[in-house]
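Everything on this sheet refers to the single structure shown next.
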Amino acid sequence: MPLSQLSTFQNEGAVSEVIVLDTIADAQAFSKANSAPYFVLGKGSNTVINPDSPIQTYVQISPDLLPLSHSGTILTASAGTRVNQLTKYCVQHGLAGFEFAAGVPASLGGMVTMNFGCWGRELCDFLISIQVVDHAGDVHTIPLADLEMTYRSSRVMRERWIVLSATVQLSASTPADVHAKTDDAIQTRLAKQPLRGRTFGSTFKNPPNEFAARLIESAGLKGFEKNGVQISDKHANFLINTGGATFQALQDMLALIEETVAKQHGVRLEREVRLVQ
Ligand SMILES: Cc1cc2nc3c(=O)[nH]c(=O)nc-3n(C[C@H](O)[C@H](O)[C@H](O)COP(=O)(O)OP(=O)(O)OC[C@H]3O[C@@H](n4cnc5c(N)ncnc54)[C@H](O)[C@@H]3O)c2cc1C
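Numbering follows our numbering, with no gaps: position 262 of the sequence shown is 262.
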């Protein structure tokens, strides 16, 4: 499958195998049977894949693994549910909480794994629990307290579980109010981020009391482009594939930013983007 369908950066190349797990039983069977290396992918909105990686099997959870449902203000959804499905459902049912993610091309499973956050709010602020399948094919419910969620990180990354679903605590509102806040969030993002570009969101984590974008911009790199990879002129912590970008071109750009920022500001930037090498 071409990477243009697996990662929002849409770099050149393809991988051999993509397996979509439609049911919990499928996920259990896959985990038990599979000994070859694989990578669990959400919507690829923070992941860039090297087409020459020895990992050639990619696994995704179907949004239909379980129906999107709520009881009162508690919502449960498949890990494969996309943000736009979540926000649409929340508008329909007057449930507030997911507006901050509106417009982002992510899945719920990726949001849990990365502890998605912006504007002072993170997924761990309203996550209740997740359901996962482990390497033995056993299904577990893991409560938030056991997920070790920190800035853009969680225990899911270290355990390499497959997240099947997540349950979150939302709050009661009205469809009109949730709709307005969802629209506002999209407009704010459109103004500040290259939301419609071939990008993977934040490239680097913000260092303590600092912004990665400010460091990159003040190093004079905003707008710089090489081999189809551009440092966005809207937001310097976003990289854009302007056409034909390769995995190598991305790696070269990451190294250039890291070296320049270290030299000029004495700060080592930590990558937020997940690379499948
Ligand atoms: C325009 C744009 C704006 C963005 N804005 C933000 C923002 O405001 N805040 C923010 O935090 N991020 C932002 N991002 C980055 C990205 O959307 C988030 O990191 C998101 O959480 C990734 O979700 P995903 O489904 O695309 O995950 P992927 O990129 O597919 O995967 C990310 C990680 O999660 C793991 N993973 C995914 N699904 C599962 C699963 N079911 N089980 C186990 N592991 C899994 C992968 O293995 C990988 O390690 C933005 C991205 C874009 C393109």
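Here a beta-carbon is modelled for each residue, glycine too, at the ideal position from N, C-alpha and C. Owing to the predicted nature of the structure, the values given are computational and were not obtained by experimental measurement.
- Between leucine 75 and leucine 95, the beta carbon gap of about 6 Å places them in contact (Cβ cut-off 8 Å).
- A direct Cα-Cα distance of roughly 10 Å separates glycine 137 from isoleucine 24.
- Ligand 1 has no heavy atom closer than 7 Å to the beta-carbon of cysteine 124.
- Counting other Cβ atoms within 10 Å of its Cβ, methionine 149 reaches 16 or more and is therefore classed as buried.
- Here isoleucine 55 carries a coil assignment [DSSP, helix/strand/coil].
- One alpha carbon belongs to glycine 44, the other to glycine 201, and they sit about 11 Å apart.
- Between glutamate 12 and alanine 212, the alpha-carbon positions lie close to 27 Å from each other.
- The segment 138 to 172 is shown to contain whole alpha helix (DSSP H) runs of 4 or more residues at 155 to 159, in chain order.
- Membership of alanine 33 in the alpha helix (DSSP H) is indicated by the continuous run 24 to 33.
- Annotated three-state conformation of threonine 203 is coil, per DSSP.
- Taken from the Cβ of cysteine 90, every heavy atom of ligand 1 lies 7 Å or farther away.
- Taking non-hydrogen atoms of ligand 1 into account, the C-beta of lysine 43 is found less than 7 Å away from one of them.
- Straight-line measurement puts the Cα of glutamine 277 at about 18 Å from the Cα of glutamine 5.
- Of the residues Gln264, Ile257 and Ile61, the one whose Cα lies closest to the Cα of arginine 271 is Ile257.
- An exposed status is given to histidine 140, since fewer than 16 other beta-carbon atoms sit within 10 Å of its beta-carbon.
- CA-CA distance, glycine 110 to glutamine 264, rounds to 33 Å.
- Aspartate 64 and glutamine 85 have their alpha carbons spaced roughly 11 Å apart.
- DSSP places glutamine 85 within a helical segment (H, G or I) once states are collapsed to three.
- Collapsing the DSSP output to three states places lysine 234 in coil.
- Distance from the C-beta of phenylalanine 116 to the nearest heavy atom of ligand 1 is below 7 Å.
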